[in-house]
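Working notes, beginning with the structure itself.
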Amino acid sequence: MKFRRILSLMCILMCILLIIFSMPIKVKAEDEKDQHIILIDAGHGGIDGGAKSKNGTIEKDINLAIASKLKKKLEDGGYKVYMTREDDSQLAKKKVEDLTKRCQLKKETQCEVFISIHQNMFPQANCFGAQVWYASNDKSKELAEGIQESLKEQIKDNNKRIAKAAKDQYKILRDGYDGACILVECGFLSNSEEEQRLKSDEHQENLTEGIKSGLDKYFESK
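Taking UniProt numbering, the leading residue of the sequence shown gets 1, the next gets one more, and so forth.
Here it is, written out as structure tokens:
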């Protein structure tokens with residue numbers, strides 16, 4: 001009789017433990033199922049430095065710094081985030097092959113949104129402000145316009161730029177991927193004042209906050 005009582009108590013205890021340990025796993029699985037998948041591309045890398053300012057600032061380094069901050073901010077916000085690169089490297093030695101592999105990652109990760117981070121250069125040193133470019137589909141246009149406005153609201157630098165279609169520019173946006181694909185030119189390395197801001201953690205955080213805000217609004221509208 002005593003043995004049967006102990007056996008019953010053990011069975012009850014095992015059932016309770018099973019319920020306790022299965023609940024977090026179930027919640028986590030549901031959370032992961034509902035996560036939006038984002039692929040962030042830190043432009044250039046490795047031997048491809050991208051643009052270089054007259055002061056020696058190399059674009060690839062700024063791109064990676066901003067992309068890394070954006071990754072953390074989005075993950076903290078509940079997004080599932082992948083990166084095309086997380087260090088000073090390239091995906092292939094040849095430029096065309098490198099871009100092709102970055103585009104292939106869109107399919108491999110099955111991302112809903114692709115965000116490529118870059119810096120601008122122009123002969124006139126007075127040009128400034130972030131600008132968003134988008135692929136040729138409605139999703140990309142909607143996301144780009146939203147992030148462009150969010151960046152203006154966050155940075156408050158009197159930026160009058162508008163989101164633009166990539167058309168025959170930016171090969172990385174012309175692969176026909178069905179998701180929302182954009183490229184963010186965060187600012188001008190040819191503008192010395194903006195160059196210094198782009199190198200600062202504070203400005204980089206502001207940029208990533210603007211991008212995240214626009215991304216949040218994009219998904220909220222769905």
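Just so you know, even glycine gets a beta-carbon here, dropped at the ideal spot from N, CA and C.
*Could you check what DSSP says for S213 in three-state terms: helix, strand or coil?*
Helix at S213.
*Grab me the residues of I47's own chain with a C-beta within less than 7 Å of its C-beta, minus the 5 sequence neighbours each way, in chain order.*
Leaving aside the five residues that flank I47 on each side, the residues in its chain whose CB is nearer than 7 Å to its CB run, in chain order, Q90.
*asked:* Quick check on DSSP: helix, strand or coil for K167?
replied: DSSP places K167 in coil when its eight states are reduced to three.
*Starting from L74, follow the beta strand (DSSP E) in both directions and report where the run begins and ends.*
L74 -> not in any beta strand (DSSP E); alpha helix (DSSP H) instead, spanning E59 to D76.
_Inter-stretch contact at 8 Å, needing at least 3 Cβ pairs: the region 181-196 / the region 123-142_ = Yes, the region 181-196 is in contact with the region 123-142.
*When you compare each of K106, L74, K60 and A130 to D216 by their alpha carbons, which one comes out closest?*
Nearest of K106, L74, K60 and A130 to D216, Cα basis: L74.
*asked:* Between the alpha carbons of H118 and D88, how many angstroms are there, rounded?
replied: Between H118 and D88, the C-alpha separation is close to 14 Å.
*Is G179 near E112, with beta carbons less than 7 Å apart?*
Result yes, Cβ atoms of G179 and E112 sit closer than 7 Å.
*Would you check if the region 57-71 and the region 186-204 touch, i.e. whether three or more CB-CB distances between them fall below 8 Å?*
Under the 8 Å Cβ criterion, the region 186-204 counts as touching the region 57-71, having at least three qualifying pairs.
*Per DSSP, what kind of secondary structure is Q196 in: helix, strand or coil?*
Helix.
_Own chain partners of E195 with C-beta closer than 6 Å, once the 5 adjacent residues on each side are dropped_ = So the qualifying residues of the chain are S53, T57 and L189.
*Coarse secondary structure for N206, derived from DSSP in three states*: N206 sits in a helix when the DSSP states are folded into three classes.
*Are there 16 or more other CB atoms within 10 angstroms of the CB of F114, so buried, or fewer, so exposed?*
Under the 10 Å beta carbon count, F114 is surrounded by 16 or more other beta carbons and is classified as buried.
_Cut-off 6 Å between Cβ atoms - residues of its own chain near R85, not counting five sequence neighbours on either side_ = Listed in chain order, the non-local C-beta contacts of R85 below 6 Å within the same chain comprise A42 and G45, local neighbours out to five positions each way being set aside.
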